[in-house]
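Below: one structure, written as structure tokens.
Protein chains: 2
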Amino acid sequence: MDGVEQTNESWRILIVEDDERLADLTREYLESNGLTVSLETHGGAAVERIRNEQPDLVVLDLMLPGEDGLSICRRVRPHYTGPIIMLTARTDDLDQVLGLEMGADDYIGKPVQPRVLLARIRAMLRRVETVPVASEGGNGEEPARLQFNDLIVDRAMREAWLSDDSIDLTSAEFDLLWLLASNAGRVLSREEIFTALRGIEYDGQDRSIDVRVSRIRPKIGDDPIHPRRIKTVRSKGYLFVKEA
Amino acid sequence: MDGVEQTNESWRILIVEDDERLADLTREYLESNGLTVSLETHGGAAVERIRNEQPDLVVLDLMLPGEDGLSICRRVRPHYTGPIIMLTARTDDLDQVLGLEMGADDYIGKPVQPRVLLARIRAMLRRVETVPVASEGGNGEEPARLQFNDLIVDRAMREAWLSDDSIDLTSAEFDLLWLLASNAGRVLSREEIFTALRGIEYDGQDRSIDVRVSRIRPKIGDDPIHPRRIKTVRSKGYLFVKEA
DNA sequence: GTGTGCTGTAACAGACACGTCACCGGGCAG
DNA sequence: CTGCCCGGTGACGTGTCTGTTACAGCACAC
Numbered sequence: 026m027d028g029v030e031q032t033n034e035s036w037r038i039l040i041v042e043d044d045e046r047l048a049d050l051t052r053e054y055l056e057s058n059g060l061t062v063s064l065e066t067h068g069g070a071a072v073e074r075i076r077n078e079q080p081d082l083v084v085l086d087l088m089l090p091g092e093d094g095l096s097i098c099r100r101v102r103p104h105y106t107g108p109i110i111m112l113t114a115r116t117d118d119l120d121q122v123l124g125l126e127m128g129a130d131d132y133i134g135k136p137v138q139p140r141v142l143l144a145r146i147r148a149m150l151r152r153v154e155t156v157p158v159a160s161e162g163g164n165g166e167e168p169a170r171l172q173f174n175d176l177i178v179d180r181a182m183r184e185a186w187l188s189d190d191s192i193d194l195t196s197a198e199f200d201l202l203w204l205l206a207s208n209a210g211r212v213l214s215r216e217e218i219f220t221a222l223r224g225i226e227y228d229g230q231d232r233s234i235d236v237r238v239s240r241i242r243p244k245i246g247d248d249p250i251h252p253r254r255i256k257t258v259r260s261k262g263y264l265f266v267k268e269a
Numbered sequence: 026m027d028g029v030e031q032t033n034e035s036w037r038i039l040i041v042e043d044d045e046r047l048a049d050l051t052r053e054y055l056e057s058n059g060l061t062v063s064l065e066t067h068g069g070a071a072v073e074r075i076r077n078e079q080p081d082l083v084v085l086d087l088m089l090p091g092e093d094g095l096s097i098c099r100r101v102r103p104h105y106t107g108p109i110i111m112l113t114a115r116t117d118d119l120d121q122v123l124g125l126e127m128g129a130d131d132y133i134g135k136p137v138q139p140r141v142l143l144a145r146i147r148a149m150l151r152r153v154e155t156v157p158v159a160s161e162g163g164n165g166e167e168p169a170r171l172q173f174n175d176l177i178v179d180r181a182m183r184e185a186w187l188s189d190d191s192i193d194l195t196s197a198e199f200d201l202l203w204l205l206a207s208n209a210g211r212v213l214s215r216e217e218i219f220t221a222l223r224g225i226e227y228d229g230q231d232r233s234i235d236v237r238v239s240r241i242r243p244k245i246g247d248d249p250i251h252p253r254r255i256k257t258v259r260s261k262g263y264l265f266v267k268e269a
């Protein structure tokens, strides 16, 4: 059960750090865990890049040659609302308070274990993902979590619960469950499901959706003969029922 | 899930901590800085209170008598989406990663300076505040649903109700019912019905439409001799009547 | 009344759609 | 490299649909 998956696209992280060797190692580790990382060693350029590229998250070293990290944070905040994680060798409490009040979202003392950094980045992205991205197409956004009686489906955590018990869903199973649940009350045809999940055309023969459904149903406590959640609509598709 | 309290109201913080003296001090400090704080010393009760009170933020001590903080976090997560800050004397990296992956948003090692805690709480609340309150915004959506007195036909769910009782229609039956109902008040010839439903030419002999109608009628409470909904127009076709 | 169509519908059987098992290939971690 | 897990494929069994057919009743014309 890994944490935040790259649901649609990989998250874009910008690391601002003058120690290139360290930065490279960090990038490698983060990228091997599904993040897209770019580096910036120079403070002044960082401000520009954050404004222009609008990364999903910024990791900002405080001790930079030239411009100070705090000042970068302050200058960038009016133009960037994403999360900023400050990284610093100084562990002074006052610095930390200052950094956080300056608009940082997290403040980690060096040295930091890569996995700890990753965990904190993920935690932050998870929190942030519930905020619909304003720069998107601007159509109706979907909520991050759905609840139907005792069944809860959480998109940010990619996890579901059935009366408080976590349901062990595979990635593909979760995707299908989410698709159905977020379209509750509407019959989804196999064509729709196919294009939404795989981006390819439905050939009219493929049974993989059916198999997935049959794998999901027992996990969410559904009886295939008398399903309460995922109803089969014969010769059309599947329907996630809204009401009990 | 009543989202985040908005701006001016004081934020409601719940501290789960068994050391009452420490907790009191912390509360005092936080309250003197404009937060509303309540305390909970017992782990089991904490789960209940978090679910019921839905505080804006939870500070959770990991080392509790009885239930472990991690387990509290896991149990509470399905019902609480607000931020959780974990507090612990153990500063092991692995614990930290575990805590974050368990759904915590921050993880602070003890001892923690009150003002650091305050700064982190504020940073977290600042981040959370931008989360829009569950936008229930449904406009525009065409319901694709027809109603004639006590008969309701819903295209999205491909289901129909007769005075609140779900009607058991097969796929082909539903298609025909929808076609007729969505053309209520107009006689549909067999030719039209055939091309609309099967996309093929009517050969002038086929009786399948008639059979379908005869199967639908009892289900929607129609008497074939004196039909109120689907009338036969002799040598023409069928008519779904608008008014009762 | 009688005849000629048209319609309602019971019964049937082939086709069809779906659930599910077993299998396999690929990916990823150890 | 090796084993496990995930996810798609093919096959099979089952239950349900749905068109066909046949026959009975009805409507209308004469």
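Just so you know, the protein sequences line up as chains A and B, in that order.
Residue 261 in my numbering sits at position 236 of the first sequence, with consecutive numbering throughout.
Residue 209 in my numbering sits at position 184 of the second sequence, with consecutive numbering throughout.
Backbone N, C-alpha and C fix where the C-beta goes; we use that ideal spot for every residue, glycine too.
Predicted model only: the values in this text are computed from it and were never measured.
query                                                                                                                                                                            : result
Answer yes or no: does any C-beta atom of chain A fall closer than 7 angstroms to that of ALA206 of chain B?                                                                     : no
Cβ atoms of PHE265 of chain A and ALA181 of chain A: under 7 angstroms apart, would you say?                                                                                     : no
Take MET149 of chain B and list the residues in its own chain whose beta-carbon comes closer than 8 angstroms to its own, dropping the five residues that flank it on each side. : LEU82, PRO108, ILE110, ASP130, ASP131
Report yes if the CB atom of ILE255 of chain A is closer than 7 angstroms to the CB atom of ASP247 of chain A, and no otherwise.                                                 : yes
Considering VAL236 of chain B, what are the terminal residues of the alpha helix (DSSP H) in which it resides?                                                                   : 233 to 244
For the segment 229 to 261 of chain A, list every residue whose C-beta sits within 7 angstroms of some C-beta in chain B, in sequence order.                                     : VAL258, ARG259, SER260, LYS261
Residues in the segment 91 to 122 of chain B with C-beta within 9 angstroms of chain A's C-beta atoms, listed in sequence order?                                                 : ARG99, ARG100, ARG102, PRO103, HIS104, THR106, PRO108, ASP118, LEU119, GLN121, VAL122
In three-state DSSP terms, what is LEU60 of chain B?                                                                                                                             : coil
If we ignore side chains and look at the alpha-carbon of each, how far apart do PHE199 of chain A and ARG183 of chain A end up?                                                  : 7 angstroms
For chain A, find out if any of its Cβ atoms is closer than 7 angstroms to the Cβ of SER188 of chain B; answer yes or no.                                                        : no
For the beta strand (DSSP E) containing LEU39 of chain B, list its first residue and its last residue.                                                                           : 37 to 41
Does DSSP put PHE265 of chain B in a helix, a strand or coil?                                                                                                                    : strand
Using only the alpha-carbon positions, how far apart do VAL84 of chain A and PRO90 of chain A sit?                                                                               : 16 angstroms
By Cβ distance below 8 angstroms, which residues in the same chain neighbour TYR98 of chain B in space, the five residues on each side in sequence not counted?                  : Per the sequence shown, the amino acid found at residue 98 of chain B is Cys instead of Tyr. Excluding sequence neighbours, CYS98 of chain B sits near LEU85, ILE109, MET111, GLY124, MET127, GLY128, ALA129.
When you compare each of B:HIS67, B:VAL236, B:ARG242, B:ARG215 to TYR227 of chain B by their alpha carbons, which one comes out closest?                                         : B:ARG215
By how many angstroms is the C-alpha of ARG240 of chain A removed from the C-alpha of ILE250 of chain B?                                                                         : 48 angstroms
Using the beta-carbon of each residue, which ones in chain A are nearer than 7 angstroms to ASP130 of chain B?                                                                   : ALA148, ARG152
Would you mind giving the Cβ-Cβ distance between ILE38 of chain B and THR61 of chain B, rounded to the nearest angstrom? I have them listed as a contact below 8 angstroms.      : 7 angstroms
Would a check of beta-carbon distances place MET127 of chain B closer than 7 angstroms to chain A?                                                                               : no
Please report the straight-line C-alpha distance between PHE219 of chain A and LEU201 of chain A, rounded to a whole angstrom.                                                   : 10 angstroms
At a Cβ threshold of 7 angstroms, is GLY210 of chain A touching chain B?                                                                                                         : yes
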